[in-house]
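Going by this note's numbering, the sequence shown opens with residue 8, and the numbers climb by one from there. Below: one structure, written as structure tokens.
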Amino acid sequence: MILRKGAIPLALLLSGCATYTSRPLDDAGTALTPPVPSVLEAKANAIQRPWLKPVTLDLSKPLTPDAIATIAVINNPDLKAQRVRAGVTDAQVFAAGLLPDPSVSLGANKVITGPDPFLDLASALGLDINALRTRGVTRARAEADARQVRLDLAWAEWQTAGQARIQAARIEGLTEIVALAQKSQTVAQSLLTRIQRATARGDVADDRLQAARLSELNAAQTLRTAQGNLAAAREELDKLLGFPPGTRFALAPVALPPAPPAVATLFAVARKDRTDLAALRAGYQSQEASVHKAVLDQFPNLTLTINANRDSAGNFMVGPAVDFTLPLWNRNRGGIAVARATRAALKAEYDARLFQTRADIGAAVAGIRVAMRQRADALKGLPEVRHYAQASRRAEAHGDLSLESALNAEQALRDRRMLIAQSDTDIVQQMIALELLTGAPRETWPQ
């Protein structure tokens, strides 16, 4: 009966113990499996981020910038791994809040010679008082570390979503540029063929043939460069979205943004909304807790023990014992110095990040304004170039102008359109980059 009564508490203790379960790696990898459209759409409909507008995802339709950002957040493999890693800090917060387990010691000595008939029994129950004293600051540090990790994750999501939007804008602009470059290369190749035939008949001088060859070579090089940039942008977007290489989908057009506000206004937004700055502040709070703990550790480490003994003569004794370190020379002065120096380094890092943020925002605003002026200049001369190309084509049709001159005029128009398309792409990309620098969508900026 006594054995049964003792087995019940033992069984209860064992029932609370964790068990080991093996989870071997899978060489296939879940990240290599193409996402199921229905699952992706369901996750997109349920996502909640303060900087994402609600979006109903439909992969069969052109994807808007918000849809691109949403897919990047929920399906990017690096972000998935970072979210799983964030669970480690949650476990650390849980561990920091646990009370220390008591220690138990038992001993028995048998009398070999002498009159005493009993075993000499000794037992002790100990508790680490120092762990209780520092439990508050340890938990505060773990909570600050967890906040920092979560804020770093939010910053990574914001950056990944923005990079995906930048690649989508590049694809849109490069698609138009490739179409114009393809037309230019086709026209240059056709003109080269005509001049080669005329040269063979002796109707055209060799210098015109050489000029036509150079024009065709430049047009082909421009086309190959644009096609390479477009392919690279598509593959980069597939990677950011967690799609297999070569995945193709339609993209919705992006409207040209207005001019940005003043640098001071955007810097104020960044100080309030950038989660990487908030993560640095959380890291500083964690170090504040570390400094507090280092100061507490200078005091003696206390261990309280309750001893119970029965000697070989049958005498029972019970009494407490206190074990502590005498703080004469060390007093954790080294730990305190390291903790305070680390705190000073974190403050300097935060100040440097603020300075760099303001400088980056200023450079981005200046770049956008230059790109907008260049686009305005290109648009200003567009009607004149278009009118000249149309007039040249009409003159060529009436026999008043050579075909080569008319084609050159049309090529000048295509070059101007390519310049405008590149300017549009640059403005959209730089504006998205400016959003990433401020940590907030453009629609939330004060005007």
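For each residue, glycine too, the CB sits at the ideal point set by N, CA and C.
- prompt: What does DSSP give as the partner residues of Gly114 in its beta bridges?
  reply: Here the question's residue 114 lines up with position 107 in the sequence shown. Beta-bridge pairing links Gly114 to Ala129.
- prompt: Between Met379 and Glu48, what straight-line distance do the alpha-carbon atoms span, to the nearest angstrom?
  reply: Within the sequence shown, residue 379 is the residue found at index 372, counting from 1. Within the sequence shown, residue 48 is the residue found at index 41, counting from 1. Roughly 37 Å separates the two Cα atoms.
- prompt: What are the start and end residues of the beta strand (DSSP E) that includes Ala328?
  reply: For the purposes of this step, residue 328 is taken as the residue at position 321 of the sequence shown. Run containing Ala328: 323-330, per the beta strand (DSSP E) assignment.
DSSP three-state assignment for Thr200, whether helix, strand or coil: Against the sequence shown, residue 200 aligns to sequence position 193. In this structure, Thr200 counts as helix in the three-state DSSP scheme.
query: Which of the three DSSP states, helix, strand or coil, is assigned to Ala176?
result: Taking the first residue of the sequence shown as position 1, residue 176 is located at position 169. The answer is helix: DSSP assigns Ala176 an H, G or I state.
message: Quick check: Gln305 and Pro334, are their CB atoms within less than 8 Å of each other?
response: The count along the sequence shown starts at 1 and reaches residue 305 at position 298. The count along the sequence shown starts at 1 and reaches residue 334 at position 327. Yes, they are a contact pair.
task: Could you pull out every residue in the same chain whose Cβ sits closer than 6 Å to the Cβ of Val325, ignoring the five residues on either side in sequence?
output: Here residue 325 refers to the residue found at position 318 of the sequence shown. Hits under 6 Å: Ala315.
task: Quick one: grab the DSSP three-state call for Ile368.
output: Taking the sequence shown and counting its residues from 1, one reaches residue 368 at position 361. Here Ile368 sits in helix by DSSP.
Closest residue to Ala115 among Ala188, Ala277, Phe125, Gly249 (Cα-Cα distance): Translated into positions along the sequence shown, residue 115 becomes position 108. Per the Cα distances, Phe125.
- prompt: Pairing CB atoms from the region 126-145 with CB atoms from the region 54-63, are three or more of them under 8 Å?
  reply: no
query: Run through DSSP, which three-state label would Arg401 get?
result: Mapped onto the sequence shown, residue 401 falls at position 394. DSSP places Arg401 in helix when its eight states are reduced to three.
field: Same chain, Cβ closer than 6 Å to Val58, neighbours up to 5 away in sequence not counted
entry: Position 51 of the sequence shown, counted from the first residue, corresponds to residue 58. Reading the sequence as shown, one finds Trp at residue 58 and not Val. Its chain contains Pro448 as the residues whose beta carbon lies nearer than 6 Å to that of Trp58, once the 5 sequence neighbours on both sides are disregarded; these appear in chain order.
- prompt: Which of the three DSSP states, helix, strand or coil, is assigned to Ile313?
  reply: As a position in the sequence shown, residue 313 is number 306, starting the count at 1. In this structure, DSSP gives Ile313 an extended state, which the three-state scheme calls strand.
- prompt: How many Å lie between Thr451 and Ala151 at the Cα?
  reply: The residue given as residue 451 occupies position 444 in the sequence shown. The residue given as residue 151 occupies position 144 in the sequence shown. Cα-Cα distance, rounded: 28 Å.
task: Compare the beta carbon distance of Gly446 and Ala277 with 8 Å and say whether it is the shorter of the two.
output: By one-based count along the sequence shown, residue 446 stands at place 439. By one-based count along the sequence shown, residue 277 stands at place 270. It is a contact, given that the beta carbons lie within the stated cut-off.
Neighbour-count burial assignment, Ile119, 16 or more Cβ in a 10 Å radius: For the purposes of this step, residue 119 is taken as residue 112 along the sequence shown, with counting starting at 1. Per the 10 Å Cβ criterion, exposed.
query: Helix, strand or coil: which one does DSSP assign to Leu414?
result: Walking along the sequence shown from the start, residue 414 turns up at place 407. The DSSP-derived three-state label of Leu414 is helix.
- request: Provide the residue(s) that pair with Leu258 in DSSP beta bridges, ordered along the chain.
  value: Locating residue 258 in the sequence shown gives position 251, where the first residue counts as 1. In DSSP, Leu258 forms a bridge with Leu70.
task: Write down the C-beta distance between Leu408 and Ser399 rounded to the nearest angstrom, noting that I regard them as a contact closer than 8 Å.
output: Residue 408 sits at position 401 when you count from the first residue of the sequence shown. Residue 399 sits at position 392 when you count from the first residue of the sequence shown. Yes, Leu408 and Ser399 are in contact; Cβ-Cβ is about 6 Å, under 8 Å.
query: Going straight from the alpha carbon of Leu230 to that of Gln174, what length do you get?
result: Stepping through the sequence shown from its first residue, residue 230 is reached at position 223. Stepping through the sequence shown from its first residue, residue 174 is reached at position 167. Leu230 and Gln174: Cα-Cα distance of roughly 19 Å.
- prompt: CB-CB under 6 Å to Ser110, same chain, minus the five flanking residues each way: which ones, in chain order?
  reply: Here residue 110 refers to the residue found at position 103 of the sequence shown. Contacts found: Gly133.
- request: Please confirm if the region 155-164 is in contact with the region 282-291, defined as three or more CB-CB distances below 8 Å between the two stretches.
  value: yes
query: Is the CB-CB distance between Thr206 and Leu216 below 8 Å?
result: On the sequence shown, position 199 is the one that residue 206 refers to. On the sequence shown, position 209 is the one that residue 216 refers to. Result yes, Cβ atoms of Thr206 and Leu216 sit closer than 8 Å.
query: Are the region 363-380 and the region 269-276 touching by the rule of at least three beta carbon pairs closer than 8 Å?
result: yes
- request: Note down, in chain order, each residue of its chain lying with its Cβ closer than 8 Å to the Cβ of Leu181, except the 5 sequence neighbours on either side.
  value: If you number the sequence shown from 1, residue 181 lands on position 174. The residues are Ala233, Asn236, Leu237, Ala240, Thr432.
For Ile343, the nearest candidate out of Lys300, Ala176, Asp330 (CA to CA): Counting from 1 along the sequence shown, the entry for residue 343 is found at position 336. When only C-alpha atoms are compared, the closest one is Lys300.
field: Residue span of the alpha helix (DSSP H) that contains Gln99, given as start and end
entry: In the sequence shown, residue 99 corresponds to position 92, counting from 1. The continuous alpha helix (DSSP H) containing Gln99 extends over residues 84-103.
query: Which one of Ala176, Arg146, Lys50, Pro31 has the shortest CA to CA distance from Ala296?
result: For the purposes of this step, residue 296 is taken as residue 289 along the sequence shown, with counting starting at 1. It is Arg146 whose Cα lies nearest to the Cα of Ala296.
- request: Could you name the residues of the same chain whose beta carbon sits closer than 7 Å to that of Leu113, not counting the 5 residues immediately before and after it, in chain order?
  value: For the purposes of this step, residue 113 is taken as the residue at position 106 of the sequence shown. Same-chain partners within the cutoff: Ser130.
Thr272 - containing alpha helix (DSSP H), residue span: Here residue 272 corresponds to residue number 265 of the sequence shown, with the count starting at 1. Residues 270-280.
query: Exposed or buried, which one is Pro327 when buried takes at least 16 other CB atoms within 10 Å?
result: As a position in the sequence shown, residue 327 is number 320, starting the count at 1. Pro327 is exposed by the Cβ-count criterion.
task: Measure the alpha-carbon distance for Thr254 versus Gly388 and round it to whole angstroms.
output: As a first step, residue 254 must be located in the sequence shown, where it is residue number 247. As a first step, residue 388 must be located in the sequence shown, where it is residue number 381. Cα-Cα distance, rounded: 39 Å.
- prompt: What number of angstroms, rounded off, separates the C-alpha of Asp330 from the C-alpha of Asp127?
  reply: As a first step, residue 330 is located in the sequence shown; it is residue number 323 there, counting from the start. As a first step, residue 127 is located in the sequence shown; it is residue number 120 there, counting from the start. Their backbone Cα atoms lie some 23 Å apart in a straight line.
- prompt: Excluding five sequence neighbours on each side, which residues of the same chain lie with their C-beta closer than 6 Å to the C-beta of Arg317?
  reply: If you number the sequence shown from 1, residue 317 lands on position 310. Leu128, Phe323, listed in sequence order.
field: Coarse secondary structure for Asp214, derived from DSSP in three states
entry: Here residue 214 refers to the residue found at position 207 when the sequence shown is read from its first residue. In this structure, Asp214 counts as helix in the three-state DSSP scheme.
Met8, buried or exposed, once every other Cβ within 10 Å from all chains shown has been counted against 16: On the sequence shown, position 1 is the one that residue 8 refers to. Residue placement at Met8 cannot be trusted, given a pLDDT of 47 that sits under 50; what the coordinates show is reported in the next sentence. It is exposed - the Cβ of Met8 has fewer than 16 other Cβ atoms within 10 Å.
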